[in-house]
Each structure stands twice: as structure tokens, then as C-alpha cells.
Amino acid sequence: MSYENVNSTLGADFSLANGPRATPAVLARLNALLPAFLARYGLVLTFLALWQVSSTQGWVNPSVFPPLDLILSALWGSLTSGALLDDIAISLQRSGIAFVAAVVIGIPLGLVMGQARVIEQALDPLLQFFRQTSALALYPVFILLLGLGETSKVFVIFWATLFPILLSTIGGVKEVDTKLIEMARTYGAGRLAIFRRVVLPASVPAIFVGLRLSATTALLLLIAAEMIGANKGIGFQVMNAQYNFQIPLMFAAILLLALLGLLANAVLVLLQRKLCRWAQPNA
Amino acid sequence: MSLAPQTLRGEVTIRHLSKSFTLNGRPLPVLSDVNLQIRSGESLAIVGASGSGKTTLLRILAGLDTADNGEVLIDGKAVKGMGAERAVIFQEPRLLPWLTVLDNVAFGLDTRGGVSREEARNRARRYVHLVGLQAFESAYPRQLSGGMAQRVGIARALAVQPEILLLDEPLGALDAMTKISMQQELTRIWRDEDVTTILVTHDLEEAIYLADRILILPREKNAAPRLIEIDLPRPRDRSSPQFVRHREELLNLFGLH
């Protein structure tokens, strides 16, 4: 029985149970995981297959939608030749600095604002106003103030990533069960102990929602920032490849961005699982 | 005030306690001139119709609310606010979802201080054992049933070894079967712990089953609260004639018979 055979046979489970030979455990496991895998990624695989076929068969214009193998080889080529490495590095640096700054400022500020009603009430209208103003609309202002260099790019990303973190932290702190705080008080917990042992851990899941939103926003804003006045970066490469009609390279850069986004999200999910083990069904 | 300290441990005196809330701009009296002496090691149940102020009385005793008038004395000393000689068990278990059962039980020991982390865990382990959850020491609250979670709450309160345990309808949210088994368990636990217990409940049978005396708070604020002595050996038999007689007596008091 070959590998493909087991996987493609619909009645594999049935034949496994009744088959005269015991299937190796690895194949049996694979067999059990296959339906779940297909349910999750089947549509993506179909889409990719359709893309490939449409492009090679000429159903769509292959110079606008090049076949996947061309895109992948463009990605591979630019990665192995090191052509894109500088761009990746500078892009990661820009969004990384901005994201870290947003975390370092947003979480503590949110924790304070969530607890101190007076500060929150005073700052809330201003925050709501800023939040409703698109960071992209403010980008020209930032360029005016900070110049066309790195600072304005990092700042616009920081600005856009700050709000999801700040607002979800405030929300998390405000939604802490007051009954738990009362319980802690009866056991002699002071303000600091209540903060450290009740408010902070209770806010962690909400903070992570903000972190994940912000990570996505950071990459979105990165591209926009790099399309204006940059000569390096993944966003610049997308624009540049399009100007020079290197369409496979353009898609390769877009693909790279998507992969970076997935990677950032995966890292955060992993961290969240580690920190919020108590909130998971099968912890 | 010259009595030896050991005879005073966990003794509560309530003097002229009054409390009103404001409802639509008018004062609504909840407690008026409550006087009571609770003996050391006694188990007192407070019953009353809703609105009789039983939970308010308990919250004042716990230091979570303040009285308008009157005072509470513990072991002869007037108390204000919360204190390490008291522990509260609420209707909801109020466990911290991010802590394991063991760490939840050790919570009060951690926050009140005075014992090392190690010692706190050791003592917590004893109380987890006492409430029969040793197999769930490292489980998280979301993995527990309602009855188990409440047992963790009870263990947490006992672990700080209070002189006075204040219980606010602790079994009110449990199903009938779990409730009865928890009542039996409480009887067993209290026999071994040297603690004064003050229990607010709306379950008359629970009051008769658990308490030495029952305080009945009237709905009318000018009527005086009544006290009933339950002098039955433990564990109590719910179907014994004396038990049934006490039940009828209480039902009559509430005009339900």
C-alpha cells in the first residue's frame, strides 16, 4: 500500500479496520489527520491550484497573474541571492521598533488609565478622536514634522499600533470582575497586590487581542509608509517591482509580507497559549 | 475585659447596629438596632426574607460595608473594616481562574503574609486535602464543577485559619444533592476547626442542619429579631421529630405554615 493510496482512498478507515495487514502507525495517524487538514486548508489549496492552472492555460493574463512557480522561484531567487534580505531587515526593523514602542507605552498607560477613572475620563475624548483619524491621513503631517526619513515611518506605524494595544488594555482592566477584587480585599490584599495578583492577570487575554490586532496593523502601515519616500523595504519592493513590470517579484514581495504577518501572529498565539494556559479548554 | 484571651477567641458582639440605604432619595432602613452576642466557636445562622438585611449584616461583619450606627466588637475590641481574624466565603466561589486549585487556596496566605511561599503551599495542601480535592491540586477553576469550586473557596478561607468564618449563602447556587453532601461536609469540617461561623442562608433546613442558633431577621424593621436555639447532636438527622419540629416552628414564624 503506497502513501498516496492510503491518503486518496475514501474508505481508508474502513479498510484499515478490516484489512488483513496492519497499516504502519504513522500512516494510520496521517489518515486520521487528513480530513482535518483538508477541512482547514482544502480551500486554500484549491485556490492555489486554480491560480496555477488559469495562468498556465492562459485563462487569465499571465503577465498580470504569473504562474505560482514563477512567483516562488522569484521569491527563492531573491532570498538566496540576498537581494531581498536588506529589505526584509529594514522592514522588520521599522515595524519592530514601532511595535515595541507601542507595547512599552500602550500597556502601562492602558493599565493606569483602566484603573484611574479620572485620567481615563480626561484622556478618553482625545483618544477617541485620534483613533478615528486614520494614521495614513496623518502620515503627511508626520513627514512634515519629522522629515521623510526613518523617524516618520516608524512613528506612523507606532501611532497606528498604539491604539489597539492601549484600548484593549484599558478594556481588559475595566472588565476585571469586581467580585474578585472584593475577594482579594477580604484577604488583606492592598492596591498593589490587587493589581499584581488580580487586575494584571485578568487583563492578559484582552491585552493579547490588542497585540495581535497591532501586529497586523504594523505590517499594513509598514507597506504604506514604505511606498512613500523609501528606497528600501518590502513595501518599496512591491512598488518598485510593479514600476519595472517585474510582476513575479511583486507577487513574491506580497507573499513575503503575508508570510511575515502569519509568522508574527503565530508567535503571539504561542505566547498567549503559554501565558493564558488557564483559559484554554484542555489546559 | 479582664477575661483570659482564649475564652474570647472568635467572640462577636453586635451593639445597636443600624444601616439604611437610599432608594429614590428616601432612606430605606435595612437593619435597625440589631444586638447580638455570638459565642466563641458557635455556629450561627442568619435567616430572613429577602430584604431583611441578612446579607447586609454579614457584609458589615466582614468589613465590606459600614454601619450607620452601632458597633461590632470582636474579642472585646471594636473593629472597623476588614481584619485577619475573619474570612469570608461568598455565594460564588470567586476563584482566580489563572491560579491552580492549590494556588487559589494559598492566595489568602500569600496576601496576608507572615508565612513563606513554601509554608503557604504546605498549609494549602492540607486544606485541599480536607475538602477532598487532593486529586485536583493542579487543576484550573474552569475544570471544576460548581460544588468542587465552592469547596476550593471554603478551603481558601479555612487556610488562613480565621477565628470567624463569614458565609454568605455559600451553598445557594448548588444543586440539591450537592448541597446536602456539602452540608454534611461542612459539619465534619467545623467539628475539627476551632472557628466561629456566621452563615447567611435562605434555606431554613440548612440553618437547622448546621447552626447552634438561628437569628431570624424580620421584614418589619420595628419588630425585634428572634433567636432559636437548635440543641441537637451532630450529625443531625433531617427526619428526626425534633428536626421536623424546628422546621415547623421556623415556617410558622415566616407565616408559611
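Chains as they are written, first to last, in full-length UniProt numbering: chain G, 1 to 283; chain W, 1 to 257.
Backbone N, C-alpha and C fix where the C-beta goes; we use that ideal spot for every residue, glycine too.
All of these numbers come straight from a predicted model, not from anything done at the bench.
Rounded straight-line distance, which links the Cα of residue j to that of residue i
i: L147 (chain W); j: E185 (chain W); result: According to the sequence shown, residue 147 (chain W) is Gly rather than Leu. Answer to the nearest angstrom: the Cα atoms are 11 Å apart.
i: V101 (chain W); j: P27 (chain W); result: 43 Å
i: L199 (chain W); j: A135 (chain W); result: 28 Å
i: A17 (chain G); j: A28 (chain G); result: A caution first: A17 (chain G) carries a pLDDT of 44, below 50, which makes its placement in the model unreliable, though a value can still be read off. Each residue's alpha carbon lies about 10 Å from the other.
i: I194 (chain G); j: D110 (chain W); result: 12 Å
i: residue 284 (chain G); j: V198 (chain G); result: Residue 284 (chain G) falls outside the range modelled here, since chain G spans only 1 to 283, and no answer is possible.
i: Q242 (chain W); j: L232 (chain W); result: 8 Å
i: V103 (chain G); j: I90 (chain G); result: 20 Å
i: Q183 (chain W); j: E248 (chain W); result: 20 Å
i: P67 (chain G); j: N61 (chain G); result: 10 Å
i: K77 (chain W); j: L256 (chain W); result: 40 Å
i: D86 (chain G); j: K232 (chain G); result: 8 Å
i: V47 (chain W); j: L58 (chain W); result: 11 Å
i: G10 (chain W); j: A223 (chain W); result: 28 Å
i: K179 (chain W); j: R86 (chain W); result: 24 Å
i: L204 (chain W); j: G53 (chain W); result: 16 Å
i: L252 (chain W); j: V115 (chain W); result: Looking at the sequence itself, residue 252 (chain W) is Asn, so the reference to Leu does not match. For N252 (chain W) and V115 (chain W), the distance between alpha carbons rounds to 49 Å.
i: A39 (chain G); j: T46 (chain G); result: 12 Å
i: T55 (chain W); j: D65 (chain W); result: 10 Å
i: V72 (chain W); j: Y140 (chain W); result: 37 Å
i: T22 (chain W); j: A116 (chain G); result: 26 Å
i: A36 (chain G); j: S78 (chain G); result: 34 Å
i: D237 (chain W); j: W190 (chain W); result: 17 Å
i: L227 (chain W); j: N35 (chain W); result: 11 Å
i: N244 (chain G); j: L84 (chain G); result: 16 Å
i: S239 (chain W); j: M177 (chain W); result: 16 Å
i: C276 (chain G); j: A120 (chain W); result: 24 Å
i: D194 (chain W); j: L99 (chain W); result: 28 Å
Chain-ordered neighbours of residue i on chain W, where CB pairs are closer than 7 Å
i: T178 (chain G); result: Result: empty, since nearest Cβ-Cβ is about 11 Å, beyond 7 Å.
i: E182 (chain G); result: L64
i: G233 (chain G); result: What G233 (chain G) touches in chain W: nothing, since even the nearest Cβ is about 40 Å away.
i: G114 (chain G); result: What G114 (chain G) touches in chain W: nothing, since even the nearest Cβ is about 18 Å away.
Short CB-CB distance (under 8 Å) between residue i and chain C
i: R185 (chain G); result: No chain C appears in this structure, whose protein chains are G and W.
Residue(s) in a DSSP beta bridge with residue i
i: N69 (chain W); result: W:S18
i: A45 (chain W); result: W:L199 and W:I214
i: P162 (chain W); result: Looking at the DSSP assignment, P162 (chain W) forms no beta bridge with any residue, so it has no partner.
i: Q242 (chain G); result: Partner(s): none; Q242 (chain G) has no beta bridge.
i: V34 (chain W); result: W:L17
i: I228 (chain W); result: W:I214
i: V12 (chain W); result: W:I38 and W:I74
i: V88 (chain W); result: W:L166
i: R26 (chain W); result: W:L23
Partners in chain G for residue i, counting only beta-carbon separations shorter than 7 Å
i: W94 (chain W); result: In the sequence as displayed, the identity of residue 94 (chain W) is Arg instead of Trp. Within 7 Å Cβ-Cβ: K179, L180 and M183.
i: G108 (chain W); result: Y187
i: A155 (chain W); result: Simply none; closest approach about 13 Å.
i: F243 (chain W); result: Those within 7 Å of F243 (chain W) in chain G number zero; the least Cβ separation is about 33 Å.
i: V105 (chain W); result: Going along chain G, no residue has its Cβ under 7 Å from V105 (chain W), so there is no contact; the nearest lies around 11 Å.
Listed by chain order, chain W residues near residue i by CB distance under 9 Å
i: A279 (chain G); result: P97, W98, Y140 and R142
i: G172 (chain G); result: Ordered by position in chain W, no residue passes the 9 Å Cβ test against G172 (chain G), which lies about 13 Å from the chain.
i: A193 (chain G); result: D110 and T111
Chain-ordered chain G contacts of residue i [CB-CB under 9 Å]
i: A120 (chain W); result: Residues of chain G passing the Cβ test: none, with the nearest at roughly 12 Å.
Closer than 8 Å at the beta carbon, the chain G residues around residue i
i: V128 (chain W); result: By Cβ distance, chain G contributes nothing, its closest Cβ being about 17 Å from V128 (chain W), past 8 Å.
i: F21 (chain W); result: In chain order: nothing, as chain G lies at least about 18 Å away.
i: V160 (chain W); result: Y187
i: V88 (chain W); result: M183 and T186
Distance cut-off 7 Å: residue i Cβ against heavy atoms of the ligand FMN
i: V47 (chain W); result: The ligand FMN is absent from the structure shown, which contains no ligands of any kind.
Closer than 8 Å is the cut-off here; do at least three beta carbon pairs connect the region 110–129 of chain G with the region 67–80 of chain G?
The region 110–129 of chain G makes no contact with the region 67–80 of chain G, as fewer than three CB pairs between them are under 8 Å.
With three or more C-beta pairs closer than 8 Å as the rule, is the region 111–120 of chain G touching the region 170–177 of chain G?
Contact holds: three or more Cβ-Cβ distances are below 8 Å.
What residues in the region 198–217 of chain G bring their beta carbon closer than 9 Å to a beta carbon of chain W?
Those residues of the region 198–217 of chain G that come within reach of chain W (Cβ to Cβ, closer than 9 Å) are V198, P201, A202 and V204.
Is there contact here, the region 80–100 of chain W with the region 170–179 of chain W, by at least three beta-carbon pairs under 8 Å?
Output reads yes: the region 170–179 of chain W touches the region 80–100 of chain W.
Touch check for the region 131–145 of chain G and the region 248–259 of chain G: three-plus C-beta pairs under 8 Å?
With the cut-off at 8 Å, the region 131–145 of chain G and the region 248–259 of chain G do not touch.
Interface positions of the region 72–84 of chain W facing chain G (Cβ-Cβ less than 7 Å), listed along the chain:
Residues M82 and A84.
With three or more beta-carbon pairs closer than 8 Å as the criterion, would you say the region 13–31 of chain W touches the region 138–154 of chain G?
In this structure the region 13–31 of chain W does not touch the region 138–154 of chain G; the number of beta carbon pairs closer than 8 Å is below three.
Any chance the region 35–47 of chain W sits against the region 200–219 of chain W, with 3 or more Cβ pairs inside 8 Å?
As far as the Cβ criterion goes, the region 35–47 of chain W touches the region 200–219 of chain W, which means the pair count is three or higher.
Per the contact definition of three or more C-beta pairs closer than 8 Å, is the region 205–220 of chain G in contact with the region 156–166 of chain G?
Yes, the region 156–166 of chain G is in contact with the region 205–220 of chain G.
Determine contact between the region 41–58 of chain G and the region 232–245 of chain G, defined as no fewer than three beta-carbon pairs at a distance below 8 Å.
Contact between the region 41–58 of chain G and the region 232–245 of chain G is absent, because fewer than three Cβ pairs lie under 8 Å.
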